[in-house]
Structure formats: C-alpha cells, structure tokens
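Quick notes on the structure that follows.
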Amino acid sequence: MPEEFLPHETIHHIKEELDELKGKIKGSASKDIKKAMEDLTDSINQLLDLFKEAAAGAEQEEATEKELMHRITSLERELAAIKGTAVRPAHAIVPPPPMPEPSSANALFGYWRSLFSSTPA
Numbered sequence: 002m003p004e005e006f007l008p009h010e011t012i013h014h015i016k017e018e019l020d021e022l023k024g025k026i027k028g029s030a031s032k033d034i035k036k037a038m039e040d041l042t043d044s045i046n047q048l049l050d051l052f053k054e055a056a057a058g059a060e061q062e063e064a065t066e067k068e069l070m071h072r073i074t075s076l077e078r079e080l081a082a083i084k085g086t087a088v089r090p091a092h093a094i095v096p097p098p099p100m101p102e103p104s105s106a107n108a109l110f111g112y113w114r115s116l117f118s119s120t121p122a
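Under my numbering, the letters of the sequence shown match residues 2 to 122, in that order.
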C-alpha cells in the first residue's frame, strides 16, 4: 500500500536514509558508552594504584614498627642486664682498696662502706 502513494525508488531511498540515521545514532551511543567505559576503567585503575600505594605504605610502616619494637626490646634487655651487674660500676673501673688487717671493727666497717659508697672513705 505505501507504494501506491510514493514510488518504489523513493521508499527505498527513505529506508536507506532511515537505516543510515539509525546507524549513526547507534554508533554515537556506542561511542559514548565506550568512552564512558574507558573513563570508568581509568578511574578503577587509578583507585587500584592508590590502594597498592597505601598497602605498600602500611607494610613499610609495619616493618618499621617491628624494627623499632625489636630495638626497644633489645635495649630493655641490655638495661636489665646492666641493672643486674651495675651495683658497683665504679669498682669495675677502679679496683677496691686493699682490705685492712682485722685489727678493729671500725677499720672493717670503713672498708665495707668504701666498697658501696660513691666517694671513698
């Protein structure tokens, strides 16, 4: 019936133009969708890079924290060892005076006091 009002060639030409316009619309839409997907992919990749950097920073911080804890523990052990052996640190450098003859209690008391005091008796 449409051929009765328009010649067959005109209808064919209109159909071709319509198909061409549909193709342009689909092509334009698919280009827009493709561009949007590329932008989304780029954004996701940037987020992944950001998360990788954050994870690397966290690992580095954790390693630094472990190293510091190891050093602190080592220093605490050394301090405890020093406290245990440093009752008389000066006597490690300067030997104690020779022990006097046990002739009097005051001489022995003075000797022992000199061993444990910071100033000689």
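Where a beta carbon is used, it is the ideal one built from N, C-alpha and C, also for glycine. Quick caveat, the model's predicted, so the values are computed rather than measured.
Taking the CA atoms as reference points, Ala55 sits about 43 Å from Lys84. Distance from the CA atom of Asp33 to the CA atom of Asn46, rounded to whole angstroms, is 20 Å. Distance between Asp20 and Ile12, taken at the CA atoms: about 12 Å.
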